Ligand SMILES: O=P(O)(O)OC[C@@H](O)[C@@H](O)c1c[nH]c2ccccc12
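In this note's numbering, the protein residues as written are 48 to 314.
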């Protein structure tokens, strides 16, 4: 049996091949150019940097309907309403799942969420091909994700270059020391430590604590996954993470604005 991440990536390659056949790259490139006129990039890293600079946490609040580890997370799922609720509660940026088979995401959710607020938006998906990066910009995304566990060094560099060429920011995600060392070969300053192992789906927030000391000071550290309380954020902040990627714990709340505000309140 192959692990979860391998299955997701294999399926993603097939999906991207189908999309390429249906819509040639040149067409998506034209759409991305049009988006640069109507929806220019909002500066994802800049927004996080400004929050931290102002002494606040940078919160990347995630719009996620379901996941392979938790199944359906939120039945009442209205991306524009959730985007406004996150913004009202003090989120700095949004992350929107566009992966359909495993997370019940959709490209349209990103478009609708971004149109509802002025926050920068991460296209949360499994990037295996530069085609998806052009697609991300065509949808209006401001940042894309590179998962080191999914890619070789050369593939990661190729996807990063495609993103930078589109004016997109890049969040590079790692889960262990070897991936961290490989991520540091990339140009992006935004470095996420995923507390969830994407091969086994096990979560342990000690992962960020273990890796933080090896993150150089010129990188902006983002603690990702498994964060539920102000005490969890304070624990991550102790080792140098001032930015957080949070999904499930906020998605499960009836009042998302209040929950976001409560999460960001001092521990
Ligand atoms: O819902 P959580 O445990 O708060 O986690 C959010 C986010 O970190 C998680 O969705 C995530 C992190 N990296 C990913 C890569 C792909 C899909 C999902 C993810």
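Virtual Cβ for every residue (Gly too), placed ideally from N, Cα, C.
Being a predicted model, the structure only gives us computed values, none of them experimental.
Measure from the alpha carbon of residue i to the alpha carbon of each residue in the options, then state which is nearest.
{"i": "residue 107", "options": "206, 288, 222 and 301", "result": "288"}
{"i": "residue 263", "options": "213, 238 and 248", "result": "238"}
{"i": "residue 304", "options": "128, 247 and 179", "result": "128"}
{"i": "residue 234", "options": "260, 51, 209 and 136", "result": "209"}
{"i": "residue 295", "options": "86, 179, 282 and 310", "result": "310"}
{"i": "residue 249", "options": "73, 116 and 72", "result": "116"}
{"i": "residue 91", "options": "85, 256, 84 and 105", "result": "105"}
{"i": "residue 130", "options": "122, 281, 120 and 156", "result": "156"}
{"i": "residue 103", "options": "297, 281 and 69", "result": "281"}
{"i": "residue 317", "options": "213, 160, 163 and 203", "result": "Outside the shown range of the chain, which is 48 to 314, sits residue 317, and nothing can be said about it."}
For residue i, does the three-state DSSP call read helix, strand or coil?
{"i": "residue 232", "result": "coil"}
{"i": "residue 118", "result": "strand"}
{"i": "residue 174", "result": "coil"}
{"i": "residue 147", "result": "coil"}
{"i": "residue 211", "result": "helix"}
{"i": "residue 260", "result": "coil"}
{"i": "residue 206", "result": "helix"}
{"i": "residue 198", "result": "coil"}
{"i": "residue 358", "result": "Nothing about residue 358 can be read from this structure; the chain reaches only from 48 to 314."}
When you compare the CB positions of residue i and residue j, do they come within less than 7 Å of one another, or not?
{"i": "residue 278", "j": "residue 314", "result": "yes"}
{"i": "residue 185", "j": "residue 82", "result": "yes"}
{"i": "residue 272", "j": "residue 242", "result": "yes"}
{"i": "residue 229", "j": "residue 200", "result": "yes"}
{"i": "residue 139", "j": "residue 98", "result": "yes"}
{"i": "residue 111", "j": "residue 141", "result": "no"}
{"i": "residue 52", "j": "residue 246", "result": "yes"}
{"i": "residue 168", "j": "residue 79", "result": "no"}
{"i": "residue 166", "j": "residue 190", "result": "no"}
{"i": "residue 217", "j": "residue 194", "result": "no"}
{"i": "residue 298", "j": "residue 121", "result": "yes"}
Mind checking which residues open and close the beta strand (DSSP E) that includes residue i?
{"i": "residue 216", "result": "216 to 221"}
{"i": "residue 56", "result": "Looking at the DSSP string, residue 56 is not in any beta strand (DSSP E); the run it does join, the alpha helix (DSSP H), is 51 to 69."}
{"i": "residue 267", "result": "267 to 271"}
In terms of residue numbering, what span does the alpha helix (DSSP H) encompassing residue i cover?
{"i": "residue 86", "result": "Segment: none, residue 86 is in no alpha helix (DSSP H) and carries neither H nor E."}
{"i": "residue 164", "result": "Counting along the chain, residue 164 falls outside any alpha helix (DSSP H), and DSSP gives it neither H nor E."}
State buried or exposed for residue i, treating a residue as buried only when at least 16 other CB atoms are found within 10 Å of its CB.
{"i": "residue 146", "result": "buried"}
{"i": "residue 114", "result": "buried"}
{"i": "residue 118", "result": "exposed"}
{"i": "residue 177", "result": "buried"}
{"i": "residue 276", "result": "exposed"}
{"i": "residue 93", "result": "exposed"}
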